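When we follow our numbering, the leftmost residue of the sequence shown carries the number -14, and every step to the right adds one.
First up is the structure itself, then whatever we jot down about it.
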Amino acid sequence: MIQLDFYGTLVAASLVLLLGRGLVRRVGFMRSYNIPEPVAGGLVVALLLLLLRTFDVEVRFDTSLQTPLMLAFFATIGLSADFASLKKGGRIVGIFLLAVTGLLVVQNAMGIGLAKMLGLDPLMGLLTGSITLAGGHGTGAAWGTVFSEKYGLASASELAMASATFGLVLGGLIGGPVARLLIKRVEVPGCNQQDAPRLPKGFEQPNKERSITPFSFVETLALIAVSLLAGNLLNGLLHGTAFELPTFVCVLFVGVVLRNGLSALGLYQVFEREVSVLGNVSLSLFLAIALMSLKLWDLAALALPIFIILAVQALVMALFAIFVTFRVMGRNYDAAVLAAGHCGFGLGATPTAIANMQAVTQRYGPSQIAFLVVPMVGAFFIDIINVVVIKLYLMLPFFAAV
């Protein structure tokens, strides 16, 4: 076994990003289908590690940096959100939230229905539904424990982790192709010379050069550090209460309060260019570490019926994004970018959704609405609504009888 320490893991993650950029630039289908660079590089490395494992060689990474990077990314999302923008996006957020809620209901119905058809415990169908796909590894681990201890479902936690891994991979792969298919049907901003170009924002075009200074960089770094510290403290205060929220939601909330509180008091204006630089760096490194450390052999261990359910769920996600999300969000370019983002956190996680949208906007042009709506729904609302939907499903008669 080869164990990489903190520094070795950081070097490996950086090389994964460079590999991903090279692949996307040189491999036609990756570029055409808007595969995010961290996803491209991370999956190649994960496949190589799977191959090495067949020769009894296992590489393990120090993933201690993964959570701080994810929290730093959500802090920058909060620091980029001003109340004026949030107010403008209120109606659009509401419509997108309805579409997201609809998917949660469909995912669980599909998982339970397929499980019963294949002769499996319906709890397995629920576990391969919104719990692990929209909820991710954290939600999957929590409910896996509940299903094992309360309902007696064997290997529930292992199934949850494997299902969440499958969703993370597929969420980063199908978003770009879905957006490419939809963009063929709409007018891309800037293609018509009569249209006034929209100003790009930091998270929409991550490769755009930005002028920064050492002092302002330290100021922004301090704001992110305060968001992480206060967010973790807030999470500790809420732990075990009816208002308990995931840590990243608390960090994002603190970032929003800092951004708008300092601005309202006239004390400080957040420098969005630095925020976007640090946010994009955190996002890229987080995804690189998450994907290169995937244990793909966990997916190989999935029983065929479970694999069938998850494959159908991925297909349902793509069809839902094309025929529901795209249509209810306006059938325009912004709707296509939102559909790509929905694929990201409908199967994986919010960072995957952002990476999907970045891959699209970097090629076709910015979409300010998408980068306003997806982080809000993916960070604030999805976990809360998912818990409500799951508990409503558990009230069904055949679960009560378990």
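Even for Gly, the Cβ is constructed at its ideal location relative to N, Cα and C.
Computed from a predicted structure; not experimentally measured.
Ranked by Cα distance from Leu250, the first of Gly326, Met146, Val242 is Val242. In this structure, Pro23 places its C-beta atom within 8 Å of the C-beta atom of Ala340.
Counting the other Cβ atoms within 10 Å of the Cβ of Ile369 gives fewer than 16, which makes it exposed.
Around the beta carbon of Pro351, 16 or more other beta carbons lie within 10 angstroms, which makes this residue buried.
Taking Lys135 as reference, the option from Leu108, Val236, Leu230 with the minimal CA-CA separation is Leu108. Around Gly329, the same chain offers Gly156, Gly160, Thr337, Ala338, Asn341 as residues with beta carbons nearer than 6 Å, after the five sequence neighbours per side are excluded. For Leu219, the CB contacts under 8 Å within the same chain, skipping 5 residues up- and downstream, are Cys235, Phe238, Val239 in chain order. Proximity to Arg11 across Leu0, Ser(-1), Ala25 peaks at Ala25, based on C-alpha coordinates. DSSP places His224 in no alpha helix (DSSP H); its state is neither H nor E.
Within the segment 198 to 284, no complete beta strand (DSSP E) segment of 3 residues or longer occurs. For Gln(-12), DSSP records a beta bridge to Arg45.
Boundaries of the alpha helix (DSSP H) harbouring Asp368: 367 to 379, taken from the DSSP string. For Phe132, the secondary structure class from DSSP, reduced to helix, strand or coil, is helix. DSSP, reduced to helix, strand and coil, places Gly63 within a helical segment of the structure shown.
Contact fails between the segment -4 to 16 and the segment 140 to 155, because fewer than three Cβ pairs, one in each stretch, are under 8 Å apart. Leu118 is a Cβ neighbour of Leu332, given a cutoff of 8 Å. In this structure Val30 touches Met277 by the C-beta definition: roughly 4 Å separates them, less than 8 Å. Relative to the Cα of Gln254, the nearest Cα in the group Arg244, Lys101, Val91, Leu111 belongs to Arg244. Rounded to whole angstroms, the Cβ separation of Ala321 and Leu167 is 4 Å, and the two are in contact under 8 Å. About 6 Å separates the Cβ atoms of Ile274 and Thr48, confirming a contact at the 8 Å cut-off.
In the three-state reduction of the DSSP assignment, Thr150 falls in the helix class, which pools H, G and I. The three-state reading of DSSP puts Lys101 in helix, counting H, G and I together. Across the set Val266, Ile375, Gln353, Ile291, the C-alpha of Val266 shows the shortest separation from the C-alpha of Ala(-2). Cβ contact annotation for Leu89 (same chain, cutoff 7 Å, sequence separation greater than five): Ser115, Ala119, Ile370, Asn371, Val374, in chain order.
One Cα belongs to Phe46, the other to Leu32, and the distance between them is close to 15 Å.
Here Val(-4) carries a helix assignment [DSSP, helix/strand/coil]. Going by C-alpha positions, Leu4 is about 31 Å away from Val297. In this structure, Leu34 sits near Val44, with a CB-CB distance shorter than 8 Å.
With a cutoff of 8 Å on beta-carbon distance, Thr335 and Leu323 are scored as not near each other. Using a Cβ distance threshold of 8 Å, Ile307 and Val163 count as a contacting pair. Between Tyr318 and Arg165, the beta carbon gap of about 12 Å keeps them out of contact (Cβ cut-off 8 Å). In this structure, Leu64 lies near Val260, with their beta-carbon atoms less than 8 Å apart. Each of Val85, Gln51, Leu28 was checked against the Cα of Tyr(-8), and the nearest Cα belongs to Gln51. Put simply, the backbone Cα of Pro382 is about 14 Å away from that of Ala94. The residues Leu223, in chain order, have a CB closer than 6 Å to that of Glu229 in the same chain once the five nearest residues on each side in sequence are set aside.
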